[in-house]
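Scroll down for the structure; my scribbles are underneath it.
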Amino acid sequence: MTQTVKIGKSNVVTTPLGLGTNKVGGHNLFDGLKDENGVQVVKAALNDGISLLDTAYMYGLGKSEEIIGDVTQNYDRDKFVIATKAAQDPNNHLKPNNDPKFLKQSVDDALKRLQTDYLDIFYIHFPDDHTPKAEAVHALAEEKQAGKIKAIGVSNFSLTQIKEANADNQVDIVEDNYSLVHREAEKEELPYLKAHQISFVPYFPLASGLLTGKYTPADGQHFSQFSAEQYTTIMQALEKVKAIAVNHQATVAQTILAWYIKDPDISVVIPGARLADQVHSNAQALNIQLSDDEFKQIDQLFKDF
Ligand SMILES: NC(=O)c1ccc[n+]([C@@H]2O[C@H](COP(=O)([O-])OP(=O)(O)OC[C@H]3O[C@@H](n4cnc5c(N)ncnc54)[C@H](OP(=O)(O)O)[C@@H]3O)[C@@H](O)[C@H]2O)c1
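Shown next, in the form of structure tokens:
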């Protein structure tokens, strides 16, 4: 039976594995992307039964949404879940804007690019420094009432901003930087979300590819956020994950993704992909059942992050 999760207080239901699409049309963020690969990435996800597609205006300034809009015309609308985001204001140097009028226009623009009547999840992508967060969310509650969106999300908000946004218990989902090597959210944010029935989606779950196991001890310079000592710890931990992966005839990436899927504090894990083969491989994570002991072992291997 397909595993499913429900998003916050909404009636949106999805698979616990989604697809991150910043490398689908995200030419402003990454060099050397090909749109045709992006098309194949989205098709691979939908054909493999991955239902949630995580996109944003910012990924190609609308291009990622347009590619997804084109591809999804050939699929039943009730078989996939679209999550998109906006805040970067094209009329103000892409600075974050949470003004109610701007957010409502952003919803309409995204609906057009995605060629759909509703967005399953709409996130405020980044906080601005002037709009009261409860006011911004109130505007989205009106969009929900109007049937244009089904769940309200925020991303990159501090915990204080999340609380302000959720003053009337209307936030359904939060997306933030979190992975086994970036665990800050575990301290205060995740307990708050759990207590308020808000789903959590981590971004950078594979630490931009580092946790796939494809990098070597000599590649540390590509990951300057980690000290040399931390990088060595990660390399050693990944060797141990490899041993667990072998028990499941799985890859390191699949095993790491299975860890997030098993974690009750995580709602949907959305690894990004440049190529369709990566999607096909990552989709296999849905078939891996880690034991409680394996889950704890992996947790402990990365406990210092
Ligand atoms: N809300 C926000 O502000 C925010 C910010 C960032 C990201 N996001 C979302 O979160 C998603 C996930 O983050 P992310 O994509 O940046 O990072 P990620 O999921 O940690 O890493 C994805 C990258 O790892 C590599 N990869 C993936 N699967 C692989 C496999 N099986 N084998 C080998 N390499 C593999 C690919 O890059 P290469 O092939 O190039 O190595 C892929 O693009 C994004 O796509 C986006 O939708 C949201």
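Numbering of the sequence shown is given in my numbering, commencing with residue 161 and proceeding in unit increments.
Using N, Cα and C, we set each Cβ at its ideal position, and we do this for glycine too.
Does DSSP put Thr-244 in a helix, a strand or coil? For the purposes of this step, residue 244 is taken as residue 84 along the sequence shown, with counting starting at 1. Note: Thr-244 maps to strand in three-state DSSP.
Nearer than 7 Å: is that true of the beta carbon of Thr-181 relative to any heavy atom of ligand 1? As a first step, residue 181 must be located in the sequence shown, where it is residue number 21. Flag set: Cβ of Thr-181 near ligand 1.
By Cβ distance below 7 Å, which residues in the same chain neighbour Asn-188 in space, the five residues on each side in sequence not counted? Working through the sequence shown from its first residue, we reach residue 188 at position 28. Result list for Asn-188: Gly-220, Leu-221, in chain order.
With hydrogens ignored, establish whether the beta-carbon of Tyr-363 is closer than 7 Å to any heavy atom of ligand 1. Against the sequence shown, residue 363 aligns to sequence position 203. Yes, Cβ of Tyr-363 sits closer than 7 Å to a heavy atom of ligand 1.
How do the region 304–318 and the region 266–285 stand: do at least 3 beta-carbon pairs fall below 8 Å, yes or no? yes
State yes or no: is the C-beta of Gly-380 nearer than 7 Å to some heavy atom of ligand 1? Start at 1 with the first residue of the sequence shown, and residue 380 comes out as number 220. No, Cβ of Gly-380 sits at least 7 Å from all heavy atoms of ligand 1.
List the residues that DSSP assigns as beta-bridge partners of Tyr-363. As a first step, residue 363 is located in the sequence shown; it is residue number 203 there, counting from the start. Answer is Asn-337, bridged to Tyr-363.
Where Phe-360 and Glu-349 are concerned, what is the direct C-alpha to C-alpha distance, given to the nearest angstrom? For the purposes of this step, residue 360 is taken as the residue at position 200 of the sequence shown. For the purposes of this step, residue 349 is taken as the residue at position 189 of the sequence shown. Roughly 10 Å separates the two Cα atoms.
Ile-242 and Leu-274: beta carbons closer than 8 Å? Here residue 242 refers to the residue found at position 82 of the sequence shown. Here residue 274 refers to the residue found at position 114 of the sequence shown. Cβ atoms of Ile-242 and Leu-274: closer than 8 Å.
Counting along the chain, where does the beta strand (DSSP E) carrying Val-314 start and finish? The sequence position of residue 314 within the sequence shown is 154, counting from 1. Element bounds for Val-314: 309–315.
Going residue by residue through the region 185–266, where are the continuous alpha helix (DSSP H) segments of at least 4 residues, counting only ones entirely within it? 195–207, 223–232
Taking the alpha-carbon positions, what's the Leu-461 to Glu-454 distance? Taking the first residue of the sequence shown as position 1, residue 461 is located at position 301. Taking the first residue of the sequence shown as position 1, residue 454 is located at position 294. So the alpha carbons of these two residues sit roughly 11 Å apart.
Of the listed residues Lys-293, His-342, His-285, nearest to Ala-325 (C-alpha basis): Taking the first residue of the sequence shown as 1, we reach residue 325 at position 165. It is Lys-293.
When DSSP labels each residue in this structure, what does Thr-276 get in the three-state scheme? Position 116 of the sequence shown holds residue 276. DSSP places Thr-276 in coil when its eight states are reduced to three.
From the DSSP output, which residues share a beta bridge with His-342? Locating residue 342 in the sequence shown gives position 182, counting from the first residue. According to DSSP, which records beta bridges pairwise, His-342 is partnered with Ser-339.
Please work out which residues of its chain come closer than 7 Å, Cβ to Cβ, to Lys-261, disregarding the five sequence neighbours upstream and downstream, and give them in chain order. Counted from its first residue, the sequence shown places residue 261 at position 101. If we look at Lys-261 and ignore the five residues flanking it on each side, it has no Cβ neighbours.
Among residues of its own chain, excluding the 5 on either side of Thr-415, which ones have a beta-carbon nearer than 7 Å to its beta-carbon? Sequence index remark: in the sequence shown, residue 415 carries index 255 (1-based). Hits under 7 Å: Val-401, Ile-404, Ala-405, His-408, Ile-448.
So what does DSSP say about Tyr-128, is it helix, strand or coil? An answer regarding residue 128 cannot be provided, because it is not within the stretch 161 to 465 covered by the chain.
Return the CA-CA distance between Ser-387 and Gln-381, expressed in angstroms with no decimal places. Translated into positions along the sequence shown, residue 387 becomes position 227. Translated into positions along the sequence shown, residue 381 becomes position 221. Whole-angstrom Cα-Cα distance: 10 Å.
Quick one, are the C-beta atoms of Ala-367 and Val-341 less than 8 Å apart? One-based indexing of the sequence shown puts residue 367 at position 207. One-based indexing of the sequence shown puts residue 341 at position 181. A contact, by the Cβ cut-off of 8 Å.
Gly-168 versus Val-429: straight-line alpha-carbon distance, rounded: On the sequence shown, position 8 is the one that residue 168 refers to. On the sequence shown, position 269 is the one that residue 429 refers to. Distance between the alpha carbons of Gly-168 and Val-429 is about 15 Å.
Beta-bridge partners of Ile-284, as assigned by DSSP: As a first step, residue 284 must be located in the sequence shown, where it is residue number 124. Ala-246, Val-314, per the DSSP bridge assignment.
Within its chain, find whatever has a CB closer than 8 Å to the CB of Lys-255; leave out the 5 residues flanking it on each side and keep chain order. The residue labelled residue 255 in the question sits at position 95 within the sequence shown. The answer, listed in chain order, is Gln-248, Asp-249, Asp-288.
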